[in-house]
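So the structure is just underneath, and the comments pick up after that.
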Amino acid sequence: MRHFLTLKDFSKDEILEMIDLAIAIKKEAKAKNYVPYLKDQTLGMIFEKSSTRTRVSFEVGIHQLGGKGLFLSSNDLQLGRGEPMKDTARVISRMVDMVMIRTFAQSTLEEFARYSKVPVISGLSDSYHPVQLMADYLTMVEYNKAKNPIVAYVGDGNNMTHSWLMMASKLGFELRIATPKGYEVDESILADALAFAKQSGAVIKIGNDPKEAISGATVVTTDTWVSMGQESEKAKRVADFQGYMVDEAMMALAHKDAMFLHCLPAYRDYEVSEAVFEAHADEIFDEAENRLHAQKKP
Ligand code: CP
Ligand code: NVA
Numbered sequence: 036m037r038h039f040l041t042l043k044d045f046s047k048d049e050i051l052e053m054i055d056l057a058i059a060i061k062k063e064a065k066a067k068n069y070v071p072y073l074k075d076q077t078l079g080m081i082f083e084k085s086s087t088r089t090r091v092s093f094e095v096g097i098h099q100l101g102g103k104g105l106f107l108s109s110n111d112l113q114l115g116r117g118e119p120m121k122d123t124a125r126v127i128s129r130m131v132d133m134v135m136i137r138t139f140a141q142s143t144l145e146e147f148a149r150y151s152k153v154p155v156i157s158g159l160s161d162s163y164h165p166v167q168l169m170a171d172y173l174t175m176v177e178y179n180k181a182k183n184p185i186v187a188y189v190g191d192g193n194n195m196t197h198s199w200l201m202m203a204s205k206l207g208f209e210l211r212i213a214t215p216k217g218y219e220v221d222e223s224i225l226a227d228a229l230a231f232a233k234q235s236g237a238v239i240k241i242g243n244d245p246k247e248a249i250s251g252a253t254v255v256t257t258d259t260w261v262s263m264g265q266e267s268e269k270a271k272r273v274a275d276f277q278g279y280m281v282d283e284a285m286m287a288l289a290h291k292d293a294m295f296l297h298c299l300p301a302y303r304d305y306e307v308s309e310a311v312f313e314a315h316a317d318e319i320f321d322e323a324e325n326r327l328h329a330q331k332k333p
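FYI, in this note's numbering the residues of the sequence shown are 36 to 333.
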């Protein structure tokens with residue numbers, strides 16, 4: 036039994052196979068040919084944090100595959116009143132065929148998986164957002180940006196940055212990360228990525244200068260400065276991230292045909308300017324739609 040908790044656990048070939056599969060399944064879905072690969076199977080979806088894309092894409096995705104999605108908010112589950120995660124895992128995994136969880140600590144996901152009888156998929160933790168990266172890479176493929184890309188990530192060293200680190204270091208492309216001082220990526224995740232990069236040939240550059248990171252980049256990406264769970268730090272973060280907004284002047288330093296990706300939700304005139312966002316809206320909303328396709332697997 037295989038879980039999907041981080042891209043760290045998958046090889047380059049496995050990741051690319053899943054992307055090829057997503058392309059094929061998307062083609063079927065676009066033709067309204069919903070093949071019931073997962074007929075009558077149930078996906079439990081546990082949410083300890085808010086969600087628009089993750090909830091809708093998993094629920095619609097499992098429906099299109101012939102199964103059923105069960106939305107389980109921790110506010111309503113006994114989990115919210117203190118029932119341990121390991122007990123929740125042992126109960127729910129006896130009744131459903133697979134589980135998706137959005138939670139805080141990565142260790143919570145790992146604990147659930149340890150006690151689960153069925154495969155567990157991460158729908159985001161504080162450390163990683165692997166299903167988002169599958170959609171992001173699929174979008175790069177569709178826009179012909181997946182061959183020898185130079186990806187620049189400007190902003191907070193967070194779950195998205197860590198997932199970009201895993202994707203780049205597994206697939207072997209160049210990733211430049213620019214965060215403000217004090218908001219760098221997790222050291223142990225970076226060490227893992229650098230070890231994978233040695234095998235794959237990926238070039239990983241870490242720094243604090245957004246302009247240097249963006250110069251000549253073919254893919255530019257960012258994420259919110261205030262992730263879920265960090266709301267009380269908002270004022271300090273907004274002050275510390277000044278100079279890190281991806282605006283038109285910043286984008287002008289990238290390759291002239293550079294694409295811009297954002298996992299959403301986007302906060303205009305914080306991490307990205309309204310003008311850059313709207314100029315790249317087609318790419319961004321294709322990326323959002325690709326959550327639906329990239330998460331499906333027969
Ligand atoms: N990008 C993403 O995961 O969005 P949601 O938080 O809306 O699920
Ligand atoms: N870094 C963001 C991603 C949201 C999809 C968060 O964790 O809130």
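Ideal Cβ placement from N, Cα and C applies to all residues, glycine included.
The structure displayed is predicted, hence computed values, not measured ones.
- Shown here, F312 sits in a helix according to DSSP, grouped into three states.
- By the C-beta density criterion, A274 is exposed, having fewer than 16 other C-beta atoms within 10 angstroms.
- The region 179-191 and the region 152-167 do not touch, with fewer than 3 CB-CB distances between them shorter than 8 Å.
- Only residues of its own chain outside the window of five on either side were considered, and among them S204 and I239 have a CB closer than 6 Å to the CB of A232, listed in chain order.
- Between the ligand NVA and the CB of S262, the shortest heavy atom gap is smaller than 6 Å.
- Contact annotation, L200 with L210: C-beta distance approximately 7 Å; criterion of less than 8 Å satisfied.
- One alpha carbon belongs to I136, the other to D282, and they sit about 34 Å apart.
- Per DSSP, the unbroken alpha helix (DSSP H) holding G96 starts and ends at R88 to Q99.
- If you keep only unbroken beta strand (DSSP E) runs of at least 3 residues inside the region 217-284, you get 238-242 and 254-257.
- When secondary structure is reduced to three states using DSSP, R37 falls in the coil class, being assigned neither helix nor strand.
- The criterion of a C-beta distance shorter than 7 Å is not satisfied by T123 and K180.
- H297: not part of any alpha helix (DSSP H); member of the beta strand (DSSP E) spanning M294 to H297, first to last residue.
- Taking the CA atoms as reference points, K74 sits about 16 Å from V153.
- Pairing A140 with H38 gives a Cβ-Cβ distance that is not under 7 Å.
- For K121, there is no enclosing beta strand (DSSP E); the enclosing alpha helix (DSSP H) has its first and last residue at M120 to M130.
- Here the region 250-270 lies against the region 290-302, with 3 or more beta-carbon pairs under 8 Å apart.
- Looking at the DSSP output, G115 sits in no beta bridge, so it has no partner there.
- Its chain contains E63 as the residues whose beta carbon lies nearer than 7 Å to that of V70, once the 5 sequence neighbours on both sides are disregarded; these appear in chain order.
- Minimum Cα-Cα distance from G236 among the listed residues F106, S223 and M202 corresponds to M202.
- Put simply, of K61, E146, G242 and N183 the residue whose alpha carbon is nearest the alpha carbon of G96 is K61.
- For M195, the shortest separation between its Cβ and any heavy atom of the ligand NVA lies below 6 Å.
- Each residue's CA atom was taken as its position, placing L206 and K47 some 5 Å apart.
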